[in-house]
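Take a look at the structure below.
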Amino acid sequence: MRAGVILFDLADNIVGSDRTIVNLEGAWASISGSDAVRVNSVHDLPSDVLWLTNLNFNSFFRAGLSRHPNFRRSDWLRATLAQLIEELGVAANTTATHKTASTMAVLVQRVLNVAMKRYGVQPSARNGRLNADFAERLGVKRCAIPDDLYPIFQSIAEHPSVNVIHNINHTALAPTVTVRRNRLAHARRIMGTAVPSDSRWERMRRVQSDDGWLEKVETPFLVKAEITNVKPVIAEVLSWGGGSRNMRDWLTDIEWRVVRQYGTVYVREALICREQATPLVQQDKLPTSEVANLSITEGLIAEQVWTAFTVGQAYKGNESRFNAAAAWLRSEDRMAMFDYAQKLYARGLDVQSYGVGNVVLRFPERGLKRVLDIATDLGLIPPAAKFAEAAMGRVA
Numbered sequence: 004m005r006a007g008v009i010l011f012d013l014a015d016n017i018v019g020s021d022r023t024i025v026n027l028e029g030a031w032a033s034i035s036g037s038d039a040v041r042v043n044s045v046h047d048l049p050s051d052v053l054w055l056t057n058l059n060f061n062s063f064f065r066a067g068l069s070r071h072p073n074f075r076r077s078d079w080l081r082a083t084l085a086q087l088i089e090e091l092g093v094a095a096n097t098t099a100t101h102k103t104a105s106t107m108a109v110l111v112q113r114v115l116n117v118a119m120k121r122y123g124v125q126p127s128a129r130n131g132r133l134n135a136d137f138a139e140r141l142g143v144k145r146c147a148i149p150d151d152l153y154p155i156f157q158s159i160a161e162h163p164s165v166n167v168i169h170n171i172n173h174t175a176l177a178p179t180v181t182v183r184r185n186r187l188a189h190a191r192r193i194m195g196t197a198v199p200s201d202s203r204w205e206r207m208r209r210v211q212s213d214d215g216w217l218e219k220v221e222t223p224f225l226v227k228a229e230i231t232n233v234k235p236v237i238a239e240v241l242s243w244g245g246g247s248r249n250m251r252d253w254l255t256d257i258e259w260r261v262v263r264q265y266g267t268v269y270v271r272e273a274l275i276c277r278e279q280a281t282p283l284v285q286q287d288k289l290p291t292s293e294v295a296n297l298s299i300t301e302g303l304i305a306e307q308v309w310t311a312f313t314v315g316q317a318y319k320g321n322e323s324r325f326n327a328a329a330a331w332l333r334s335e336d337r338m339a340m341f342d343y344a345q346k347l348y349a350r351g352l353d354v355q356s357y358g359v360g361n362v363v364l365r366f367p368e369r370g371l372k373r374v375l376d377i378a379t380d381l382g383l384i385p386p387a388a389k390f391a392e393a394a395m396g397r398v399a
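My numbering puts the first residue of the sequence shown at 4, with every later residue one more than the last.
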C-alpha cells in the first residue's frame, strides 16, 4: 500500500471565531517521498493511497474527511504530524513546505511498510490511530474486569499524561518544547512491566490506614488513598491526578511505590489481585535489530506496539473498555516520565505535562538553549527543529 502526506494551507482555510476549518482548498501532497505537488482539492488525489493529513480531530471531521476511508487525521501515528515535523527538523522556520511534505511522506511510507510486512497490520478506516490496528493484530485482550470494579481501572487507564498544576499563574502563551525518551528504549521498559489479570480481585474496605502493610503484599494491588504532606519541592510537579478525566483517588502499586517517597499515604480501601503479575508475552514483538534505537521508523513502530495495549477494546454495543494491563502500563509510563519531570523541575525548568514517553516544558524568552542543554544532559531528546531555532537566535 502506498502512503502519502498532504499539508493543507490552514491559514487560508480557517474561518470563524472558533478557527475551525470549513473548506479545504490548496495543499502540498507527496506520495512515498516523491516530489510534492500542488493540489486544489482532495478530489485531485489518487484514492489508492493512505493519506496522512495535518488536520486535528475536530478539523478532520468538520471538513468531512472522515467519510473518505483513505484519509487519516494528524495523530494517526499517535504523535501528531506537527510533532514529527519538529522532531525531524523540517519545520517552517527552516524548510519549504513542499520539502516537508516529501520528507514526511518517506517516514509515513516506511512506518506503514513495517507495520504491514512485519506485523501483518491492515490499516482500517474505522480506527482513528495506527496503534488500534496494531491492537487487533497483536491480540490485545478484551476487558473481563467485573462491572463494579471497572471504574477504578478506567480512571487509571484513560489517564495518559499528567498536567502539572502550578501554584502560581503562568501565561498560556509561553512557548513550549517537547522532550522525549528514545521511543524504543521507553517501549522496552513499559512492555517489561509485570501486569495483572482482569480476574481474582478482592476488595478490602476495612484496612489499616498506615500503608506499611502493603510492603508485604506480593501480588498486584490498588489502593484508595489520601495523599498528604507532599514535599514542597515536588508537590507541584507531582500534581497527582492532574489531567485525568475523572477524580483520581486510586493508585496502582507502581504509583504507590513512587508517591509514598514524597508524601504520606493514608489507605482507605484496597483492591488486591490473588494472582501474580507477569509481563505481556508480546514484548518480543518490539523491534530487535542492533540499530533500531537509532531509527525513527523503528521508534514509531515500538510506540505503536506498547500503546496498542492501552487501547480500549470493544465490550458491549458501542462501548469499549480497558483491561487491567492497560492501567498498569499507563502507570509505569507516567511514573517513568515523572522521574524525568522532577529532575527537570529541580533544575529550574517549567514542567507543563509528562507522560507517553515525553515531558512538555515551557520556556521564557531567550530561554530555549538552556532548556535544550538540561534536557540533553538528562538523556532526553529535544526536537531537531528547536536546535535550529535556538541557533538562529529566534527565542533562545
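Just so you know, even glycine gets a beta-carbon here, dropped at the ideal spot from N, CA and C.
These numbers were taken from a predicted model, which means no experiment stands behind them.
{"Query": "Closest Cα partner of G215 within the set H101, Q125, V270, F74", "Result": "V270"}
{"Query": "T100, DSSP secondary structure in three states", "Result": "helix"}
{"Query": "Classification of E205 by the beta-carbon crowding that lies within 10 angstroms, buried from 16 upward", "Result": "exposed"}
{"Query": "As assigned by DSSP and simplified to three states, the class of P49", "Result": "coil"}
{"Query": "Of the residues R208, L68, L176, the one placed nearest E272, counting alpha carbons only", "Result": "R208"}
{"Query": "Helix, strand or coil at R5 [DSSP, three-state]", "Result": "strand"}
{"Query": "Three-way DSSP call (helix, strand, coil) for M207 in this model", "Result": "strand"}
{"Query": "Bounding residues of the beta strand (DSSP E) (the contiguous stretch that carries I168)", "Result": "Per DSSP, I168 belongs to no beta strand (DSSP E) and is neither H nor E."}
{"Query": "8 Å Cβ cutoff met for L254 and A228", "Result": "yes"}
{"Query": "Of the residues S50, N361, L10, I299, the one placed nearest A32, counting alpha carbons only", "Result": "L10"}
{"Query": "Delimiting residues of the beta strand (DSSP E) encompassing L274", "Result": "267-276"}
{"Query": "Straight-line gap, G131 to V111 (C-alpha atoms, nearest Å)", "Result": "15 Å"}
{"Query": "Rounded straight-line distance, which links the Cα of Q286 to that of C146", "Result": "19 Å"}
{"Query": "Buried versus exposed, by CB contacts within 10 Å (16 or more), L133", "Result": "buried"}
{"Query": "The beta strand (DSSP E) enclosing N361, as first and last residue numbers", "Result": "361-365"}
{"Query": "Exposure of P49, with buried meaning 16 or more beta-carbon neighbours within 10 Å", "Result": "exposed"}
{"Query": "The region 364-373 / the region 322-336 touching (three or more Cβ pairs under 8 Å)", "Result": "no"}
{"Query": "Contact check, V52 vs I34, beta carbons under 8 Å", "Result": "yes"}
{"Query": "S44: CB within 7 Å of a non-hydrogen atom of the ligand FAD", "Result": "Ligands are entirely absent from the displayed structure, and the ligand FAD is therefore not among its contents."}
{"Query": "Same chain only: Cβ atoms within 7 Å of S127, ignoring 5 sequence neighbours per side", "Result": "D136"}
{"Query": "Within the region 57-91, ranges of the alpha helix (DSSP H) (whole runs, at least 4 residues)", "Result": "60-65, 84-91"}
{"Query": "Contact set for P386: own chain, Cβ-Cβ below 6 Å, skip 5 residues either direction", "Result": "E89, E90"}
{"Query": "Own chain, CB closer than 6 Å to V114, minus 5 neighbours either side, in chain order", "Result": "T300, L303"}
{"Query": "In DSSP terms, what S292 is bridged to", "Result": "Paired residues: none, contrary to the question."}
{"Query": "Contacting residues, own chain, Cβ-Cβ under 7 Å from D256 (five flanking each side not counted)", "Result": "P223, F224"}
{"Query": "Buried versus exposed, by CB contacts within 10 Å (16 or more), T281", "Result": "exposed"}
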